[in-house]
Every structure is written in C-alpha cells, then in structure tokens.
Amino acid sequence: MSDFFDDDNYDDGFKEDINGQLDLSLWQKLLGYTLAYPFEVTMLALSAFATAISEIAFPLITRRVIDGIQSEGAEFDIPLYGGLYFAFVVLLALSVASFIWFGGKIRTHVSHDIRRAGFDNLQKLSFSYFDFRPVGWLMARMTSDCERLSNILAWGLLDLIWGSTMMIGIAIAMLWMDVSLALTILCVIPVLVWLSLFFQKRILKSAREVRKTNSRITGSFNESIMGVQTSKAFVKEAENTRKFGELTDTMFDASVLNKIQAAMYLPLVLLLGSIASGLAIVFGGLEVGWGLVSTGTLIAFLAYARHFFEPIEELAHWFAEMQMAQASAERIISLIEAKSDVSDSPAVAARLAAPNQAGLAEDGYDPVIKKIRFENVSFQYDVGGPVLTDINLELYQGESIAIVGSTGGGKSSLASLLCRFYEPTDGQILFDGVDYRQRSLNWLQSQLGMVLQTSHIFGGRILDNIRYGRLDATEAEVFAAARRAGAHDFISKLESGYQTEVGEGGSKLSAGEKQLISFARAILADPQILIMDEATSSVDTVTEQHIQQGLGALLKGRISLIIAHRLSTIRNADRILVIEQGRIAEIGSHETLLALQGRYSKLYRQQSLAELSTRTDHWNA
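Per my numbering: the sequence shown = residues 13 to 633.
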C-alpha cells in the first residue's frame, strides 16, 4: 500500500479554523437540501411543536389538579382535567408518529440529493481532479460523510424546533408561576453556554483528525484490494498489514480522544440539570413552607426543571455531532462545489444556448474535423516538470499517426491533450483553425473513440458494454460492430451470448476478450478521432490479429492516433512520431525513419532482434 495518500495532499478549498468555530455558511448550504422539501419540513416543525406543547401542558395540568383537590376537595372537577390530560396524550402520540414519518422522509431525501449532487459534479470534473484523489477518498464522502450529515439535517432540525419550543415554553410557564424560583433554576444557563464554548474547539479538532484518518483508511483499504495480485506476487502481505495497522492505531487514538471529549461534555450538561433540580427542591421547598407557593406549583417546577434540560441535552448532543461533522460538511461541500479545470467558456455557453443552425454543430461550427494543429504546445501536470515542450504537429482527416517513444516521454499526455482531458500549459490546439477551447467540450469528446491498454468493462451484459459506445444503437448495429472487431465469434460461443453478465470490471472475461469488446465499442461509436493507447500490448497474438484485421476499415476516413510499444504493429501508419523527453525527435513514414538511421531505426532493429530471439527459443524448445 502506498504512503502517498493523505488528506493533507488535497486542497478542498477549506482551511481549518484555529479557533475551532463552526462554519455556519457550510451548514446554511447544506440546510438548503432540507428546505427543498417545504411540506415535509413544515409538517416536521408542526409535529415537533405539538410534541413540545403537549409535554409543557402535563405539569400545568398536574399543578391544577393537585392545587384544586387541596382547595376544593371532592367538588373539584377531576374528569374534566383527566379528559384534558388524555387529549394531550393522544396529541403527543400522533405528533411523535408524525415527526418520525416526516423526519425519515427528509433524511432519505437529503441523503439521496447530496449523493446525487456529488455524483453529478464528479461527472463534470476534469481528469486533473482524479489524478491524486484515490477512489476510497471519494467514496468516504459519498458514504459515511453523507450519512452523518443527512442524520443531522433531519433529526437535528427536529430537535432544534422541539427543544427551542420546550425551553421557551417552560421558561414562560415558570416565570408565570413564580419569577424568583424560575430565575434560581435558570441561573445555570450561563455556565452551560461557557461549557459549550469550552468543548467546541476541542471536539471539532479531534473530529477532523478522525475524518482525515478515516479517509486514509478507506483509500488504503481500496488500494490493497485493487493491488492484491501484486501484493501476493511480491509477498508483501505482512508489510501491508503493518502499514494498515499504523493507520488503524491512529484512527483508534483519535476516535478515543473524540469520544472522551464528547463523553465529558454530555454528563456535565446532565450535572447542570441535576443542580437545577436540586435548587428547585431546596428553594421551592422553603417557599412552600413559607406559604409563598403551592404544592402543585412546586411539583410543576420540579417537572419543568427536569424537562427543561432534556432539550438542552438533546441540543448538546446535536451540537457535539455538528462539531464532529464539521469536517464531513467541508468535504461534502468541497466535492459538490469543485470546479473543473476544463470547461466551456462563457462565449461557448452562449453559442450553445442560441438556436442551432442547420448543418452546423451544436456550438455553431463545422461538425466535420478535417485538420488538427498543435501549435507550440507545452504541458505539465500540477506536480513535476514539463511533460511536453514546444510540440508542433498537424493531423489530417483520414490519416493515421503512430506515436512511439520511451516510457514517460509524453505519448499518452499528447493524446490526453487532443481529447481535452487536460489543456495546454502553453500554446494552442486548433480544430480547422479554431482554438479547441472555443469549441463545445461535450461536442469534442463525443467525437472521440478510445481503446486503451487496459480498457474498463462495466458490470452488466456484454451487449450493454458494447452499446456504451452509442446508447441509441440497435442490437443489429451492436452485432455488426462486434463482427468488425473480431469479437462476435467468442461472444457467440458463450452460453448466454450477448446477454452474458461479465461481472464487476469484466472479471469473468480474459484480457483479450475485454480488449475485443472495447474495440467493438469504439467501432460502434463511429468517432471522427480514434485514440488507441497501447491497445494490443496486453493481448495474445490471436487477439491482436483480430484487432489488426478490423483496424484498416476502422481507421479509414478518421484522424487516428495510435500509441504503440510494439513497433511491428504500426508499420502501416501514414506517419510515425517519435517523442523523447517531451519533444518530437523524429517524424515520417516507417521507411523514411528507417532510412534516417536515427532513434526509430535503432528501436525497430532492437525489437526485431528480440522477437527473432524469442521465436528461435520457441522453436528450439
């Protein structure tokens, strides 16, 4: 497992507040997901309000009954107050059932909408966003972070409304019954406020450490699973276990500290509530003895002293949860609001919004790409030195360009720039004389067809994987594409044919079968620009022959970029581009480059000798 993954390597757009204050602007944004359901929120608020009113009414009814019996005896109308008590019991039961129903709906809606917003934005982000963010890092945001926030936004809102109503109602009731005794009980509130502020910074700091470590654990766990074959091949299980153990130990220590802080905070709130109840007993008892208040009033005060701190306990719980979830809120909002490094300019967006002219692409330009020009193009990633330097190159419709060179020389980066997965650091790329940043990104990338060295196969049917190249394709068109790719024969031999489930990541298929499906997908897309990045390097000779047979027809009429390590596969390319250390070293046809006796000629002869030696060894075996 790599030591590279660390939350500190990623800028989420938020800097930790050294004072440990809650960022209310984040919670305001998240609250918008709750307020998107006004009916449910209104019903939740009414339910919480009704629950609070019911609980406030019970001590008042009890006070009246006790005082009434003491003063009026048998003449007191007990059935009236018994019926009133029962009515509030029914109201309480209905309101509790109502807030459980609507609170659950809000939680479900909020969780769904946050996940959907995060996923939708992920689809819009450029490749650079994913360069240094492992899968586990992103998954943690859409799973544990999302669950925590949706709970707070639903049930926390409920307790806020219920708790506020309870405390205000109880305070008013106590002040109405006896001002001095009410102030005696309420005097603990300033201490409670100070206590909350004291723990705020500490809980938030430890919560951030827990969330950061959890992201690292998720990323490392995912990396370990993805690299299990390599780990076993190099017998690194013990080392992986050691590194993972270090992460879990860190997580354990941070979690224990966080829980201790929360565990200290909540009992102190309970202690203050008990102190308030004690004050009510002492001073209330004295006032009863002096005849200043009635027995019913004292009993009501004792009930209110206990009930007053119940919502405070709940609010304190949610306050602690918000402290711990602050980091989750930061991560969720950073993902939802992340901006792509590659996007349409305002001018392009304006053209896309304008009425589409007949015969033109959606962005108002010619839909046919006849010529692509790299003009003084240089490029580098966010980290490291230059990858490409001063590239000048022209690509023409119907022409196939092969790119060769040493590993890390910039071959794949050149293809990524052409696809506009990234944009040049310097220079420009022109489509028929127009800077491709002035063309629609969606239109450009819809003209691409790609076959990679390790093509991704989605879980599901073979039919759907091929149709991914063009979602509106008929089954007949899918079959035709498979035939051209040389994939139809092996698919037909499967028990379920094109309906065969391939498993997660195509786990039920061989590497060669995956490539043939990927090739069929590219054929079905019928792209203007075809990118083949080491497409045949990981397949057997038979599969490569199938691909080569269909390649000629596929390349016809397109701008084709073929990145290859095996030079024998690109002899028929119209031009061969040799890239070394990010620069164009040689360019020309196979015959021309051999005649130059340069870098390409040397590489070709070395590979030819190696292949001849391999065949000789095979014959002698």
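Backbone N, C-alpha and C define an ideal beta-carbon position, used for all residues, glycine too.
Query	Result
Closest residue to V77 among I529, K423, R495 and I311 (Cα-Cα distance)	I311
Contiguous beta strand (DSSP E) assignments of at least 3 residues, all confined to the segment 386-425	400-408 and 412-417
Minimum length 3: unbroken beta strand (DSSP E) runs contained in the segment 574-614	587-592 and 595-600
Given L400 as reference, the closest of P436, R432 and K383 once Cα atoms are compared	P436
DSSP-derived helix/strand/coil call for D15	For D15, the predicted model reports a pLDDT of 39, less than 50, meaning its position is unreliable and no value from the coordinates is stated.
Residue environment, T253, which counts as buried when at least 16 other CB atoms sit within 10 Å	exposed
Enclosing alpha helix (DSSP H) for L134 [first to last residue]	I90 to K136
Short CB-CB distance (under 9 Å) between D447 and chain C	Of the protein chains in this structure there is only one, and it is not chain C.
Classification of N270 by the beta-carbon crowding that lies within 10 angstroms, buried from 16 upward	buried
Residue range of the alpha helix (DSSP H) that includes D476	I474 to R479
I582 beta carbon less than 9 Å from that of V590	no
Beta-carbon gap between P7 and G371 smaller than 9 Å	Here the chain has residues from 13 to 633 only, and residue 7 is not among them.
Span separating the alpha-carbon of L606 from that of E592	17 Å
W167 versus I180, F256 and T46, residue with shortest Cα-Cα distance	T46
Residues that M462 bridges to, as DSSP identifies them	I543
Beta-carbon proximity check, A576 vs R533, cutoff 9 Å	no
Where V446 sits in the DSSP three-state scheme	strand
Whole-angstrom distance between A69 and P279, CA atom to CA atom	27 Å
Inter-stretch contact at 8 Å, needing at least 3 Cβ pairs: the segment 405-424 / the segment 478-497	no
Three-state secondary structure assigned by DSSP to Q82	helix
Local conformation of K382 per DSSP, three classes	coil
Chain-order list of residues whose beta-carbon lies under 6 Å from that of E28 (same chain, five-residue window excluded)	At E28 the pLDDT is 41, less than 50, meaning the model places this residue with poor confidence; the figure from the coordinates comes in the next sentence. So no residue of the chain qualifies.
Under the three-state DSSP convention, the category Q619 falls into	helix
Alpha-carbon to alpha-carbon, L608 and Q618	16 Å
Expected contact under 8 Å - CB spacing of L72 and A185 to nearest Å	6 Å
Inter-residue Cα distance where the pair is E525 and Q511	15 Å
Reduced DSSP secondary structure (H/G/I, E/B, other) of I469	coil
Beta-carbon separation (whole angstroms), I345 vs Q273, contact threshold 8 Å	With a Cβ gap of about 24 Å, I345 and Q273 do not count as contacting.
Proximity below 9 Å, CB of T225 to CB of A266	yes
Cβ pair Q450, V360 closer than 9 Å	yes
Burial state of N454, where buried means 16 or more other Cβ atoms lie within 10 Å	exposed
Three-way DSSP call (helix, strand, coil) for D190 in this model	coil
Closest by C-alpha distance to T54, when choosing among W174, V200 and D501	W174
Cβ pair R570, L542 closer than 9 Å	yes
Buried/exposed call for W188, threshold 16 Cβ in 10 Å	exposed
Beta-bridge partners of I441, as assigned by DSSP	F386
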